[in-house]
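Read the structure below first, then the notes.
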Amino acid sequence: MALHVIVGTGPVGTATAHLLADRGERVRVISRRGAGPEHPSIERIAADAADADRLSVLTDGAQALYNCANPAYHRWPTDWPPLAGALLAAAERTGAVLATVSNLYGYGPVGGPMTEQTPLAATGTKGRVRNRMWADALAAHRAGRAQVTEVRGSDYFGVGGTSLAMMALPRVLGGQRVFLPVEWDAPHTWTYIPDVARTLVAAATDPRAWGRAWHVPSAPAASMRELATRVAALAGVPVPRLIRMPYPVLWLGGLASPLTRELRETAYQFDRPFLMESVAATAALGVEPTPLESALAETVEALRR
Numbered sequence: 196m197a198l199h200v201i202v203g204t205g206p207v208g209t210a211t212a213h214l215l216a217d218r219g220e221r222v223r224v225i226s227r228r229g230a231g232p233e234h235p236s237i238e239r240i241a242a243d244a245a246d247a248d249r250l251s252v253l254t255d256g257a258q259a260l261y262n263c264a265n266p267a268y269h270r271w272p273t274d275w276p277p278l279a280g281a282l283l284a285a286a287e288r289t290g291a292v293l294a295t296v297s298n299l300y301g302y303g304p305v306g307g308p309m310t311e312q313t314p315l316a317a318t319g320t321k322g323r324v325r326n327r328m329w330a331d332a333l334a335a336h337r338a339g340r341a342q343v344t345e346v347r348g349s350d351y352f353g354v355g356g357t358s359l360a361m362m363a364l365p366r367v368l369g370g371q372r373v374f375l376p377v378e379w380d381a382p383h384t385w386t387y388i389p390d391v392a393r394t395l396v397a398a399a400t401d402p403r404a405w406g407r408a409w410h411v412p413s414a415p416a417a418s419m420r421e422l423a424t425r426v427a428a429l430a431g432v433p434v435p436r437l438i439r440m441p442y443p444v445l446w447l448g449g450l451a452s453p454l455t456r457e458l459r460e461t462a463y464q465f466d467r468p469f470l471m472e473s474v475a476a477t478a479a480l481g482v483e484p485t486p487l488e489s490a491l492a493e494t495v496e497a498l499r500r
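Adding 195 to a residue's 1-based position in the sequence shown gives its number in the working numbering.
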């Protein structure tokens, strides 16, 4: 059994840990409080992953080191650099493949579907932070100091997800009005959390995947209105009233809420089509996206529980 080390116990880290443990692998999950999923094959360790020395000890002998961490949204410029630096240092010292979960922020606003070849041209703070992390990892890979890969998804949905879709769906199930800063009819790519875990493990364990980034295979785009309508039909509830929050309201809300303030930078993702192509990972790694109807049905069931 190979050892796999996962940093982070959010929805992706938890899904990845379960996937590996269910395959019979040894899994070590690292978080500040030693939390994480319970499973006979999962070891939970309390540690500061930004401590490169401690992380290197915990990663020694591992096949792969998975970066599933997710610092507080408004603290990315402060918290990500030391954490990403420690993860890369641990990968260099131990020989474990560094597999990082990322997103599409690094591309910035674009005029069409994003592919892995789309320029990383973000000018926003969060996009630049992500791009610096990948540039440092890729430089280490090209210099022969580490083996790295990165998987990028669009807005994640599923159990534990925090995207705007996951803010809307509980209200849909409750028949409540939904008031969000989105263009409800704009087509949008959604990435299912279990598909992120499957792509991450595939990329980490296949040498052909190292040294480049991959988009998580995702179902064909659907608007937020379509998601709400399909969830309501699955749950047997009326489709709620869907209202677009004007940008000035979002801006004013940011005066009191750090999280809401950070949404200003990525508001472009929800006022126009936001599309991601992911055929490369399916062709090279054999990962197929979960059909949207199945993913929504599983999400509805989990939310009801």
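C-beta: ideal position from N, C-alpha, C; glycine also. Keep in mind it's a predicted model, so treat the numbers as computed, not measured.
Check: Just how far apart, CA to CA, sit Thr400 and Leu215?
Finding: Here the question's residue 400 lines up with position 205 in the sequence shown. Here the question's residue 215 lines up with position 20 in the sequence shown. One alpha carbon belongs to Thr400, the other to Leu215, and they sit about 11 Å apart.
Item checked: Nearest to Gly301 (by Cα), restricted to the options Val426, Glu311 and Asp466 -> Here the question's residue 301 lines up with position 106 in the sequence shown. The candidate whose alpha carbon is nearest that of Gly301 is Glu311.
Check: Based on the DSSP secondary-structure assignment, which residues constitute the bridge partners of Glu238?
Finding: Position 43 of the sequence shown holds residue 238. Its beta-bridge partners are Arg223.
Next item on the list: In angstroms with no decimal places, state the Cα-to-Cα distance between Asn326 and Ala479.
Entry: One-based indexing of the sequence shown puts residue 326 at position 131. One-based indexing of the sequence shown puts residue 479 at position 284. Rounded to whole angstroms, the gap between the alpha carbons of Asn326 and Ala479 is 24 Å.
Next item on the list: Would you mind sorting Asp390 into buried or exposed? The rule is 16 or more other CB atoms within 10 Å of its CB.
Entry: To locate residue 390, count along the sequence shown from 1; it is residue 195. Buried, because 16 or more other Cβ atoms sit within 10 Å of the Cβ of Asp390.
Check: Sorted by chain position, which residues of the same chain lie with C-beta nearer than 6 Å to Pro382's C-beta, five sequence neighbours on each side aside?
Finding: Indexing the sequence shown from 1 puts residue 382 at position 187. Result list for Pro382: Ala416, Ser418 and Pro468, in chain order.
Notebook entry, point to check: With a CB to CB cut of under 6 Å and the five nearest residues on each side skipped, what residues in its chain are close to Thr209?
Noted result: Here the question's residue 209 lines up with position 14 in the sequence shown. Hits under 6 Å: Pro232.
Next item on the list: Whole angstroms is fine: what's the gap from Pro304's alpha carbon to Glu460's?
Entry: Your numbering for residue 304 matches position 109 in the sequence shown. Your numbering for residue 460 matches position 265 in the sequence shown. Rounded to whole angstroms, Pro304 and Glu460 show a C-alpha spacing of 10 Å.
Checklist line | Helix, strand or coil at Leu250 according to DSSP, with G and I counted as helix | finding: Position 55 of the sequence shown, counted from the start, is the residue given in the question as residue 250. Leu250 falls in the helix class under three-state DSSP.
Item checked: Neighbourhood of Ala291 by C-beta distance below 6 Å, restricted to the same chain and skipping five residues each side -> Residue mapping note: residue 291 aligns to position 96 of the sequence shown, counting from 1. Contacts found: Thr254, Ala257, Ala259 and Leu260.
Check: Would you report the Cα separation of Val343 and Ala245, rounded to the nearest angstrom?
Finding: Position 148 of the sequence shown, counting from 1, holds the residue named residue 343. Position 50 of the sequence shown, counting from 1, holds the residue named residue 245. If you take the alpha carbons of Val343 and Ala245, they lie about 18 Å apart.
Notebook entry, point to check: Are the CB atoms of Val373 and Leu429 nearer to each other than 8 Å?
Noted result: On the sequence shown, residue 373 is found 178 positions in, with the first residue counted as 1. On the sequence shown, residue 429 is found 234 positions in, with the first residue counted as 1. It is not a contact, given that the beta carbons lie outside the stated cut-off.
Next item on the list: Confirm, please, whether the CB-CB distance from Asn262 to Val296 is below 8 Å.
Entry: Sequence index remark: in the sequence shown, residue 296 carries index 101 (1-based). Sequence index remark: in the sequence shown, residue 262 carries index 67 (1-based). Taking 8 Å as the Cβ cut-off, Val296 and Asn262 qualify as a contacting pair.
Note to self: Measuring alpha carbon to alpha carbon, tell me which residue in Leu364, Trp379 and Ser413 is nearest Ala427.
What the structure shows: To locate residue 427, count along the sequence shown from 1; it is residue 232. The candidate whose alpha carbon is nearest that of Ala427 is Leu364.
Margin query: Among the candidates Thr313, Val434 and Ala476, whose CA atom is the shortest distance from the CA of Gly370?
Written below: Here residue 370 corresponds to residue number 175 of the sequence shown, with the count starting at 1. Nearest neighbour of Gly370 by Cα position, chosen from Thr313, Val434 and Ala476, turns out to be Val434.
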